[in-house]
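Chemist: First the structure, which I've put down as C-alpha cells, then a few questions once you've had a look.
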Amino acid sequence: MNQLVLLKSMAGADVEWCKEVKGNMYDIVVEGFQLLSKWTARIWEQCAWKFSCPCKDAVPNMLHEMVMSSSDYEKVVRYNYSSEERKALVELVSYIKSVASMMQRCDTLVANAVWETIHAEVQDFLCKEEGPE
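Residue numbers for the sequence shown follow this note's numbering, so the first one is 5 and each next one is one higher.
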C-alpha cells in the first residue's frame, strides 16, 4: 500500500517498478476475493449440511424445560450447533466482514492500479493471439 502511495506522488517513476507495484496490488486484491469466496463457501456448505441433518429430538431450553414442539428451523438453527461450532461460525463471519471492510476502504486507492493491470494483461494476451502467422 505504501508503495502505491509513493508511486502516486512520484512524477517520473520507473515504468517497470510501476508495473510491478500495480501487479502486486492486483495480486493482493485477487487473493482477498479468493479468501472471501472460500470462507463464504465453507459457511454455505456447513449450513447446507446442518439443514440436511436437523436435530431429531427436542433439547431442553435455557430454563431446563422440555420444548414440546420445535419447528424444523429451530431443530436446524437453534439446537443443531454446539457451542464450539457457533463460536467458529461467528469468528469466520467476523473474518469475512473484516476483510471485506478492509478491501472496501482501499477501493479508491487500488482501483486504478487494478484496472491498469487488467488492461495490460488483456493487451498482452491479445498481442500474443494476433501475432504473426
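Idealized CB from N, CA, C, for every residue including glycine.
Quick check: what's the CA-CA separation for T44 versus W53?
Modeler: 14 angstroms
Chemist: If you draw a straight line from the C-alpha of S98 to the C-alpha of S41, how long is it?
Modeler: 14 angstroms
Chemist: Would you give the residue range spanned by the alpha helix (DSSP H) that Y85 belongs to?
Modeler: Counting along the chain, Y85 falls outside any alpha helix (DSSP H), and DSSP gives it neither H nor E.
Chemist: Just the C-alpha distance for Q108 and E120, rounded to the nearest angstrom, thanks.
Modeler: 19 angstroms
Chemist: When we look at the beta-carbon of Y30 and count the other beta-carbons within 10 Å, is it buried (16 or more) or exposed?
Modeler: It counts as buried.
Chemist: Exposed or buried, what is V25 when buried is set at 16 or more other beta-carbons lying within 10 Å of its beta-carbon?
Modeler: buried
Chemist: Would you kindly report the start and end of the unbroken alpha helix (DSSP H) that includes K60?
Modeler: Counting along the chain, K60 falls outside any alpha helix (DSSP H), and DSSP gives it neither H nor E.
Chemist: Buried or exposed for A1, going by 16 or more other Cβ atoms inside 10 Å?
Modeler: Coverage of the chain is limited to positions 5 through 137, which leaves residue 1 absent and any answer about it impossible.
Chemist: Where F129 and M106 are concerned, what is the direct C-alpha to C-alpha distance, given to the nearest angstrom?
Modeler: One C-alpha to the other measures close to 31 angstroms.
Chemist: Buried or exposed: which applies to K79, given that a residue is buried once 16 or more other Cβ atoms fall within 10 Å of its Cβ?
Modeler: buried
Chemist: Using CA coordinates, which residue listed in D111, I32, L113, L96 is at the minimum distance from W48?
Modeler: Across the set D111, I32, L113, L96, the C-alpha of L96 shows the shortest separation from the C-alpha of W48.
Chemist: Taking just the CA atoms, how far does R46 sit from N28?
Modeler: 27 angstroms
Chemist: Could you give the first and the last residue of the continuous alpha helix (DSSP H) run that contains E131?
Modeler: Note on identity: in this sequence residue 131 is Cys, with Glu being the wrong assignment. First-last of the alpha helix (DSSP H) with C131: 111 to 133.
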